[in-house]
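Keeping their order, the protein sequence lines are chains A and B. FYI, in my numbering the residues of the first sequence are 89 to 279. FYI, in my numbering the residues of the second sequence are 89 to 279. Glycine included, every Cβ here is placed at the ideal spot set by N, Cα and C.
2 protein chains.
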Amino acid sequence: MTSRQLELLQIAQALFKEKGYAAASVRDIAKAANVEPASLYSHFSGKEDLLDATCFEMAEKFLTAIEEVNDIYFNAEQRLHMAVHNHVKILTENLNASYVFQREWRHLGEPRKSEFIELRNRYEDGFRKIIENGIEEGLFNEVDIKIATLTLLSSLNWIVEWYRTDGAKGAEQIADQLYGFILTGLRKDPL
Amino acid sequence: MTSRQLELLQIAQALFKEKGYAAASVRDIAKAANVEPASLYSHFSGKEDLLDATCFEMAEKFLTAIEEVNDIYFNAEQRLHMAVHNHVKILTENLNASYVFQREWRHLGEPRKSEFIELRNRYEDGFRKIIENGIEEGLFNEVDIKIATLTLLSSLNWIVEWYRTDGAKGAEQIADQLYGFILTGLRKDPL
DNA sequence: CTTTGCCTAACGAATGTTCGTTTATGACTT
DNA sequence: AAGTCATAAACGAACATTCGTTAGGCAAAG
């Protein structure tokens with residue numbers, strides 16, 4: 089990936105987020121890059137190539153992160169803490185790409201779509217394992233593992249909807265608050 | 089809204105969910121309805137009309153529900169319980185429309201998009217108020233209200249991604265589990 | 001002299017929509 | 001009962017526009 093490719097890719101990602109993949113035309117991307125539409129084809133094989141690169145590069149980042157966490161022998165609570173922080177970090181550092189990764193992957197054609205779903209499932213499995221272990225270790229409540237995993241991830245993923253880099257809160261702060269919320273819930277402990 | 093209009097609207101909603109608004113063409117919708125594309129214009133003024141009807145009808149349902157809850161004078165925990173149940177109920181009873189309501193509203197043109205966002209904010213405010221009151225009443229932890237609201241709603245909204253009507257769990261069951269999770273979190277209370 | 005990046009021009013296909021017309025159904029009038 | 005009208009629903013054909021993409025060439029840099 090040349091630096092020019094990366095440049096154009098990021099421009100495309102911003103538009104995919106703003107308008108959605110289908111509604112963001114090649115001409116839109118070209119205009120945002122101050123270039124004629126045809127010029128993009130010197131760098132990418134086509135529109136879907138831009139989506140493909142985005143989805144799979146992000147998938148790799150997320151997967152690497154969770155596998156690193158699960159390779160370390162800590163207890164479930166510590167691993168969950170690390171996993172949440174890593175997730176929020178990747179997400180806030182690649183805000184546009186993360187949005188596309190989460191919401192626009194379905195526009196991939198086969199067989200890439202199926203391959204992508206496979207990677208995504210492996211990532212979810214990483215979180216599922218942590219919750220599972222946490223219950224076994226007696227640290228976590230005996231919740232429905234599937235629902236808990238999805239709820240956990242959805243809380244994290246919704247960040248792409250509202251997080252702004254110019255906001256008051258940094259990624260670390262948000263990760264801490266979310267982790268606290270997920271772990272202890274809303275209800276105040278009786279005194 | 090005639091019965092035929094409702095019929096066609098639901099067909100369109102299913103396609104908007106499956107492919108996204110931009111990628112679902114009028115010809116796709118017509119084919120799914122066993123009708124020529126032009127025939128749709130006897131019932132709707134255009135493609136965006138289908139999106140508009142979906143978004144605003146759902147907005148009204150959600151808004152009515154939260155305002156009913158907040159008009160009743162109960163404590164915050166009870167109100168939150170009712171709000172969560174209502175939200176999950178509306179969502180599972182209108183699965184396709186809810187998906188469109190959440191993910192595709194940005195394809196509305198102005199001024200309808202701004203009007204929609206206004207309604208959406210009012211709905212979020214309803215939840216925000218409950219959390220705020222809960223903290224005042226000493227029932228809830230002193231969390232960041234904005235983040236707690238968004239996290240809460242995101243947990244609920246992600247249901248549209250994985251809920252299937254043929255699944256083992258009913259809406260009530262899921263609402264209960266989510267409510268429990270939100271209220272008490274993952275961590276087990278020390279014995 | 002080859003490579004890199006971008007250009008102009010154009011392609012066929014798909015897009016949302018409009019037009020005038022036709023068919024079927026049911027109600028009201030004679 | 002027969003004839004008239006209104007309405008709803010769908011049709012086939014065509015519209016201008018936009019879509020992703022390709023072909024071939026031009027200029028600057030290594």
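Hey, quick one: how far does the alpha helix (DSSP H) through T152(B) stretch, first residue to last?
-> 135-159
Give the DSSP-derived three-state secondary structure of F228(B) in the structure shown.
-> strand
Name, going along the chain, the residues of the segment 200-230 of chain A whose beta-carbon falls closer than 9 Å to a beta-carbon of chain B.
-> I219, G222, I223, G226, L227, F228, N229, E230
Could you check if A126(B) is buried or exposed, using at least 16 other CB atoms within 10 Å of its CB as the buried criterion?
-> exposed
Can you list, in chain order, the residues of its chain whose CB lies under 7 Å from that of R216(A), leaving out five sequence neighbours each side?
-> I233, T237
Whole-number beta carbon distance between I218(B) and A42(B), since they are thought to touch under 8 Å | Beyond the ends of chain B as shown, which are 89 and 279, falls residue 42(B); an answer cannot be given.
Output yes if chain B places a C-beta closer than 7 Å to the C-beta of I235(A); else output no.
-> yes
Member of E198(A), T239(A), K257(A), E192(A) whose CA lies at the smallest distance from the CA of K107(A) = E192(A)
CB-CB under 6 Å to G222(B), same chain, minus the five flanking residues each way: which ones, in chain order?
-> A164, F228
Assumed close pair V114(B), T142(B) - CB separation to whole angstroms, cut-off 8 Å | Incorrect: roughly 15 Å between the Cβ atoms, too far for contact.
Cβ shell of A121(A) (< 7 Å), same chain only, five flanking positions each side left out = L96, I99
Between E225(A) and V231(A), what straight-line distance do the alpha-carbon atoms span, to the nearest angstrom?
-> 13 Å
Where does R252(A) sit, in a helix, a strand or coil, going by DSSP?
-> coil
S243(B) and S242(A) look like a contact to me (Cβ under 8 Å); what is the Cβ gap, rounded to whole Å?
-> 5 Å
The segment 243-254 of chain A touching the segment 195-213 of chain A, judged by at least three CB pairs closer than 8 Å = no
R252(A): contacting residues in chain B (beta-carbon distance under 8 Å) | None at all; the shortest Cβ gap to chain B is about 12 Å.
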